[in-house]
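Down below is the structure, laid out as structure tokens.
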Amino acid sequence: MFKFQPAKPNQLDAIMTIENQGFTPDEAASRTSMAQRIEQISDTFIVASQGSQVLGYAVGPASNERYLTDDLYDHLTTNNSTDRYQTVLSLAVAKDARGKGLGSKLLTKLADVARIQNREAITLTCLAKLVPFYERNGYVNEGVSASTHAGETWYNMIKSL
Numbered sequence: 001m002f003k004f005q006p007a008k009p010n011q012l013d014a015i016m017t018i019e020n021q022g023f024t025p026d027e028a029a030s031r032t033s034m035a036q037r038i039e040q041i042s043d044t045f046i047v048a049s050q051g052s053q054v055l056g057y058a059v060g061p062a063s064n065e066r067y068l069t070d071d072l073y074d075h076l077t078t079n080n081s082t083d084r085y086q087t088v089l090s091l092a093v094a095k096d097a098r099g100k101g102l103g104s105k106l107l108t109k110l111a112d113v114a115r116i117q118n119r120e121a122i123t124l125t126c127l128a129k130l131v132p133f134y135e136r137n138g139y140v141n142e143g144v145s146a147s148t149h150a151g152e153t154w155y156n157m158i159k160s161l
């Protein structure tokens, strides 16, 4: 059984291991950025664990922008109660925990938090190969993103709450 809770500073090493398993070096968040996220937006940094082992996480700040902008990856803002959107900057699951529905469960838990915080929708960008996964989780593909993060082509995905 998985346990879901806000990220804690002592989980940073495990979080970074999973981040680096799930993303290329150009895509992955830096250790400094991830530590800042734990410190400043722990209410929207959901960690899944089993016992003491971190198995995955979903994280992102709230925003008033419908689509993610590249500056969010480098310049964190704290969650404002009037922000309309919950973003997802990273959703990652440890290699040995994949295929068990954990990514979907993390998205659901983050959506639960977003509803409590009165957000209108969840917004994220993803690579083309992940569009079907997000669509299965209720997200709508709104087309190619303006993002140039890591030199990749990203797609805007939105889930209304």
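1 is the number of the first residue of the sequence shown in UniProt numbering; add one for each residue after it.
In this text, a Cβ means the ideal position worked out from N, Cα and C, and glycines have one as well.
(request) Identify, in the order they occur along the chain, each residue of the same chain with its Cβ nearer than 6 Å to the Cβ of aspartate 83, setting aside the five sequence neighbours on each side. (result) Ala62, Ser63 and Asn64
(request) Could you tell me the distance, in whole angstroms, from the CA atom of proline 6 to the CA atom of alanine 150? (result) 27 Å
(request) Using the Cα positions of leucine 91 and alanine 29, report the straight-line distance between them to the nearest angstrom. (result) Answer to the nearest angstrom: the Cα atoms are 11 Å apart.
(request) Whole angstroms is fine: what's the gap from alanine 97's alpha carbon to threonine 153's? (result) 27 Å
(request) Please go through the UniProt domain "N-acetyltransferase" (2-161) and give each complete alpha helix (DSSP H) segment of 4 or more residues, from N-terminal end onward. (result) 12-22, 31-40, 102-116 and 131-136, all fully within the UniProt domain "N-acetyltransferase" (2-161).
(message) Less than 8 Å between the beta carbons of valine 93 and leucine 68, yes or no?
(response) Taking 8 Å as the Cβ cut-off, valine 93 and leucine 68 do not qualify as a contacting pair.
(request) To the nearest angstrom, report how far apart alanine 146 and leucine 127 are at their CA atoms. (result) 13 Å
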